[in-house]
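All remarks here apply to the structure that follows.
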Amino acid sequence: MELDSKQKVLIAIYSEYQKDLPNMDNITFQNLGLDYNVFKVAVEKLDNEGMIKDAIITHGGNDTIPIHVRVSYCKMTNYGIGYVEKKLELDQTNSGEQKVKTIIEKTSKWGWDQFKDIGAKVLAEMLKTQV
11 MELDSKQKVL IAIYSEYQKD LPNMDNITFQ NLGLDYNVFK VAVEKLDNEG MIKDAIITHG
71 GNDTIPIHVR VSYCKMTNYG IGYVEKKLEL DQTNSGEQKV KTIIEKTSKW GWDQFKDIGA
131 KVLAEMLKTQ V
């Protein structure tokens with residue numbers, strides 16, 4: 011399975027959202043291995059489609075690409091959560107930790123190497139808060 015840029019951004023937000031204290035500032039175009047303009051458009055599409063909310067999207071000039079996006083206060087919607095869980099065949103009843111482990115396994119098989127680092131950081135922070 012191949013993921014498009016929008017799906018990569020959504021899966022990264024979903025994974026961060028699994029933590030007790032998510033820090034959406036960890037979701038960056040650099041961490042995801044995306045071009046900045048592609049990242050900005052992906053965030054805008056996710057917001058328009060109702061999969062995320064509270065992203066700050068700034069437009070200016072005549073360009074259709076946002077001049078800036080900020081996901082610091084971003085949250086998943088029920089629709090976005092359901093989409094990710096269905097797309098990745100995740101068990102809703104699993105813990106956040108188990109969901110992230112499953113995502114790491116699946117994205118590795120699909121060749122999305124950048125997610126290994128993101129997922130490992132999320133898991134490390136989840137385990138740290140459990141102690």
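Numbers 11 to 141, taken from the numbering used here, label the letters of the sequence shown in order.
Ideal Cβ placement from N, Cα and C applies to all residues, glycine included.
A quick note: this is a predicted structure, and the numbers were derived from the prediction, not measured.
| query | Can you tell which of LYS85, LYS18 and ASP101 has its C-alpha closest to the C-alpha of ILE62? | reply | LYS85
| message | Going by DSSP, what residue range makes up the alpha helix (DSSP H) through THR160? | response | This structure cannot speak to residue 160, because the chain is shown only from 11 to 141.
| field | Alpha carbon of ASP57 to alpha carbon of LYS119, nearest angstrom | value | 28 angstroms
| query | Taking just the CA atoms, how far does GLY106 sit from LYS96? | reply | 15 angstroms
| Element boundaries [beta strand (DSSP E), containing ILE67] | 66-68
| Three or more C-beta pairs below 8 angstroms linking the stretch 90-104 and the stretch 64-79 | no
| said: For ASN88 and GLU115, I'd like the C-alpha separation in whole angstroms. | reply: 24 angstroms
| task | Check the C-beta distance from GLU26 over to ASN36 and give it rounded, since I have them as a contact under 8 angstroms. | result | 6 angstroms
| field | Proximity to ILE77 [Cα-Cα], best of VAL51, PRO32 and LEU13 | value | VAL51
| said: In whole angstroms, give me the CA-to-CA distance for GLU1 and ASN47. | reply: Since the first residue of the chain shown is 11 and the last is 141, residue 1 is not available in this structure.
| query | Between GLN17 and VAL110, is the Cβ-Cβ spacing less than 8 angstroms? | reply | no
| task | Determine which residues share a DSSP beta bridge with VAL132 and list them. | result | For VAL132, which the question treats as bridged, DSSP gives no partner whatsoever.
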